[in-house]
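Trainee: Just so you know, the sequences run in chain order R and B.
Using the working numbering, count along the first sequence one by one with no gaps and you end on 401.
Using the working numbering, count along the second sequence one by one with no gaps and you end on 757.
Glycine included, C-beta positions come from ideal geometry on N, C-alpha and C.
It should be emphasised that the depicted structure is a prediction, and the values quoted were computed from it without experimental measurement.
Please find one structure pasted underneath; my questions will follow.
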Amino acid sequence: MMDIDRIPAPLKGPQVTRQLARRHRADMRFRLYGLISIGLAFSFILLLMGTLIIKGWPAFIRTEIKLPVAFNSASTPQDQENYDRLLNQFIKKPLSEGAYDNKSLLPLLSAQSYQQLRILLVDGNPLNKDVHFKASSEVDTWLKTRRLNVNKHALTSLTPPQLDALYALEKAGRLCFAFNHSFFTRGDSQEPEIAGIYAALIGSLMTLSVAIVFAFPVGLGAALYLSEFAPRNKFFELLEININNLAAIPTIIFGLLGLAFFLNILKIPRSASLAGGLTLGLVILPIIIISSKTALKTVPMTIRFGALALGASQVQTLFHHILPLSMPGILTGTLLGIVRALGESAPLLMLGMVAFIVDPPKSLLEPATVLPIQIFVWAKNPTAGFVENTSAATLVLLLFLLLLNSIIVLLRRRFERKW
Amino acid sequence: MVIYTPACPAGTRPPKESKPKFSVRDLDLFYGSKKALSSVTLKIPQGQVTALIGPSGCGKSSFLRCLNRMNDLNPLARIAGSVFLDGDDIYAQGVDVVQLRARVGMVFQKPNPFPKSIYDNVAYGPRIHGLTKSRHELDAIVIDSLQKAGLYKEVSDSLEGPALRLSGGQQQRLCIARAIAVSPEVILMDEPCSALDPVATAKVEGLIDSLRHQYTIVIVTHNMQQAGRVAQKTAFFHMGELVESGDTGNLFTNPKDVRTQGYLTGRFG
Ligand SMILES: Nc1ncnc2c1ncn2[C@@H]1O[C@H](COP(=O)(O)OP(=O)(O)OP(=O)(O)O)[C@@H](O)[C@H]1O
Ligand SMILES: [Mg+2]
């Protein structure tokens, strides 16, 4: 029975209208806050990308000097000195006679130019044509300042005679920009104009592969056991709390662990991508376990009941129903882990992966470095050329992340469209 | 169209006593410290339909879940007493729960189809038990099960469509089809018709009646008329106790306990 005076008043009248208006205003306000947050987040991302692109894109092009190579001597020169002498001749040729002393012209070319020349002359055939040689970082910075209006504050250490020579070369149309292939095909170098990210990229790929191959099966297995099979008792409760805590531990601690265990006990060589990968695997293991467990938990119990009541075993229930349904969530969690591993540098520093790596590692046991550490090393170097390299490498890292992201999104789609 | 045919008019064919399929003795069930069933003793006869009735929350579903050990999945649930299936204690050590559940099928109170195609839902049981040798046989089982559950006509041209896009009542009938596709010995049904319209209800009741010669059926229902129409035996539960059980006709016309009388006349529940 309902009391007469407890029947609510009908939803009418000015008071109700006022109240409704207030509620709608609250709605609008809330939406506005959301929009503002999204806008802020988005503009910060744009700002970041913008800065990186503006700072980094000049690293993708490099100044080259076109030199008239004329060689018809019978014997190919043997040592660097001879090649340098030849280069000096070539660079002098387009310049009108002047007071260029021999020592000032050669530094306009990149330090590795003699190697390029050696490769050209290796078969001893006479040669007579224009060849592009990479300019030194100083020249590169100078030309970019002139033509592209970047690096305005860079100080140049070019001497007046060198500058004269450069003006002359420019007038002769012998200075030009070209795509910087070697940024993607070479390892680190002391000279910014020939330093590249190839070695670090390969190192990153190797380290990351080791981390995934180690952490994904182990993490997924642990999550499956914890969520589907583990009995509910104090031990497993404690274990779960500990796993959650692991995810919050500063990663440098994992580096210490890797140093003590992988390097000192298992005797994996220092700086090897195997040690780095295993350590990163440990870093992302808790992330994968926690997110996979969460994904498994979101599958409704009624699905499990339905399968079990039909006489499916627990493993059948798991593989036929629960795993396919939670795969998108598990993949997203794994992506979080991978992204984390790709950007991680602190634990790898502990393992000595900050070594100066010129050649990409050929095996998992060879010294390697990774992109974030390469960026870190370049960022410490104040030379204008390395500042460009830093931003460009960061751009490549971001592109790499984007690529990984898209792969996982595609995989997710696959699983979601299962039927 | 025949809206409703009484599947087995009471009295036309008095069910003869046979060896009980289930024999439950002094069954207690606890959820943590809460007692959901207290010393239930009941025989469920073979080849007949037994209805479980009683007010909401009295433990009907809990009792049903004891019969195929679905309560094992609830870590809180604890059980005392014994349940015999064909003379074997299903709670004894060494009993294979997977096989038990293949023998004792279940239709849940809330429809729970798998998020797969209609076909795959019904075919799942036969597939995991390896009941068929060819796709052809499997097709036959799927179609037969769907027909028995009265769903085939509605879904015959969308067998590969997602099961979750069916209506609530269609989903429930799909779950029935899914359960009978493995031809269990016993089918436990927890309010299978609560989401169905009268036509579909009549179909399911017809199905129950046609199945009962082959299978043993235990059905939970809130609908007294339904219990009267389909069940030969009825058991009345109240607050975790089995108050009274017996032939449906007897129990309805001649209840011995005051609580049964009160429930049947609608004084509580
Ligand atoms: N998983 C569970 N955990 C704890 N308590 C439970 C659980 N399931 C049921 N109960 C309790 O056990 C008692 C019996 O519940 P049950 O679901 O068996 O009732 P029911 O007779 O099927 O009711 P209804 O007709 O509403 O479906 C209820 O008091 C309920 O709160
Ligand atoms: Mg119930």
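1) Quick one: does the C-beta of tyrosine 519 (chain B) sit closer than 6 Å to a heavy atom of ligand 3?
2) Give the straight-line distance between the Cα atoms of valine 456 (chain R) and alanine 41 (chain R), rounded to the nearest whole angstrom.
3) If we call anything under 7 Å between Cβ atoms a contact, is isoleucine 312 (chain R) one with serine 274 (chain R)?
4) Please report whether the beta-carbon of threonine 410 (chain R) lies at a distance below 7 Å from any beta-carbon of chain B.
5) Between the C-alpha atoms of lysine 85 (chain R) and asparagine 64 (chain R), what's the straight-line distance to the nearest angstrom?
6) Applying the 10 Å Cβ sphere with the 16-neighbour rule, what's the burial state of proline -8 (chain R)?
7) Following the continuous beta strand (DSSP E) through leucine 109 (chain R), name the residue where it begins and the one where it ends.
8) In the DSSP assignment, find the unbroken beta strand (DSSP E) run with valine 592 (chain B) in it and report its ends.
9) Suppose you measure from the CA of glycine 449 (chain B) to the CA of phenylalanine 572 (chain B); what does that come to, to the nearest Å?
10) Could you name the residues of chain B that alanine 212 (chain R) contacts, counting a contact when the two beta carbons are closer than 8 Å?
11) Using 10 angstroms around the beta-carbon of serine 655 (chain B), count the other beta-carbons present and answer buried if the total reaches 16, otherwise exposed.
12) Threonine 753 (chain B) to phenylalanine 725 (chain B), Cα distance in whole Å?
13) Note the first and the last residue of the continuous beta strand (DSSP E) segment covering valine 708 (chain B).
14) Strictly under 7 Å for the Cβ-Cβ distance: is serine 295 (chain R) near chain B by that measure?
15) Below 6 Å, is the gap between the Cβ of lysine 402 (chain R) and the nearest heavy atom of ligand 1?
16) Is any beta-carbon of chain R found at less than 7 Å from that of glycine 750 (chain B)?
17) As a quick check of your reading: which residues have a C-beta less than 7 Å from at least one non-hydrogen atom of ligand 2, in chain order?
18) Report yes or no: is there a C-beta of chain B within less than 7 Å of the C-beta of alanine 204 (chain R)?
19) Does methionine 712 (chain B) come within less than 7 Å of chain C when only Cβ atoms are used?
20) With the cut-off set at 7 Å, would you say proline 601 (chain B) and glutamine 659 (chain B) are in Cβ contact?
21) Give a yes or no on whether the minimum CB-CB distance between valine 586 (chain B) and chain R is below 7 Å.
22) With three or more beta-carbon pairs closer than 8 Å as the criterion, would you say the stretch 335 to 350 of chain R touches the stretch 15 to 25 of chain R?
23) Please check if any C-beta of chain B sits within less than 7 Å of the C-beta of threonine 284 (chain R).
24) Counting contacts by CB-CB distance shorter than 7 Å, is isoleucine 491 (chain B) in contact with chain R?
25) In terms of alpha-carbon separation, which member of B:Ala651, B:His710 and B:Ala723 lies closest to glycine 737 (chain B)?
26) Take valine 643 (chain B) and list the residues in its own chain whose beta-carbon comes closer than 7 Å to its own, dropping the five residues that flank it on each side.
27) Below 7 Å on C-beta distance, what does asparagine 556 (chain B) contact in chain R?
28) What's the gap between the Cα of valine 718 (chain B) and the Cα of valine 706 (chain B)?
Mentor: This is what the structure holds:
1) Of the ligands this structure carries, namely ligand 1 and ligand 2, none is ligand 3.
2) Outside the shown range of chain R (-17 to 401) lies residue 456 (chain R), about which nothing can therefore be said.
3) For isoleucine 312 (chain R) and serine 274 (chain R), yes; Cβs fall inside 7 Å.
4) Nothing about residue 410 (chain R) can be reported from this structure: the residues present for chain R run from -17 to 401 only.
5) Lysine 85 (chain R) and asparagine 64 (chain R): Cα-Cα distance of roughly 14 Å.
6) Of the residues assessed, proline -8 (chain R) falls on the exposed side of the cut-off, its CB having fewer than 16 other CB atoms within 10 angstroms.
7) Segment 109 to 116, the beta strand (DSSP E) holding leucine 109 (chain R).
8) The continuous beta strand (DSSP E) containing valine 592 (chain B) extends over residues 592 to 595.
9) In the structure displayed, chain B extends from 489 to 757; residue 449 (chain B) sits before or after that span and is not available.
10) Chain-order list of chain B residues neighbouring alanine 212 (chain R): empty, with the shortest C-beta distance near 11 Å, by a criterion of under 8 Å.
11) Serine 655 (chain B) comes out exposed.
12) Near 15 Å, if we compare the C-alpha coordinates of phenylalanine 725 (chain B) and threonine 753 (chain B).
13) In this chain, the beta strand (DSSP E) harbouring valine 708 (chain B) covers 704 to 708.
14) Closer than 7 Å: yes.
15) Summary: the structure shown does not reach residue 402 (chain R), with chain R confined to residues -17 through 401, and so no result is reported for it.
16) Cβ-Cβ to chain R under 7 Å: no for glycine 750 (chain B).
17) In chain order, the residues that have a beta carbon nearer than 7 Å to some heavy atom of ligand 2 are B:Lys548, B:Ser549, B:Gln597, B:Asp678, B:Glu679 and B:Val708.
18) With respect to chain B, the C-beta atom of alanine 204 (chain R) has no partner C-beta closer than 7 Å.
19) Looking at the structure shown, chain C is missing, and the protein chains on hand are R and B.
20) With contacts defined as CB atoms closer than 7 Å, proline 601 (chain B) and glutamine 659 (chain B) qualify as a contacting pair.
21) True, the Cβ-Cβ gap to chain R drops below 7 Å.
22) Contact fails: fewer than three Cβ-Cβ distances are below 8 Å.
23) Proximity of threonine 284 (chain R) to chain B, defined by a Cβ-Cβ separation below 7 Å, is satisfied.
24) Low confidence applies to isoleucine 491 (chain B): its pLDDT is 39, below 50, so where it sits in the model is not reliable, and the reading given next is rough at best. Chain R contact via Cβ: absent.
25) Cα-wise, what sits closest to glycine 737 (chain B) is B:Ala723.
26) Annotation for valine 643 (chain B): Ile606 and Leu634 place their beta carbon closer than 7 Å to its own, counting only its chain and skipping 5 residues before and after.
27) By Cβ distance, chain R contributes Ala291.
28) For valine 718 (chain B) and valine 706 (chain B), the distance between alpha carbons rounds to 11 Å.
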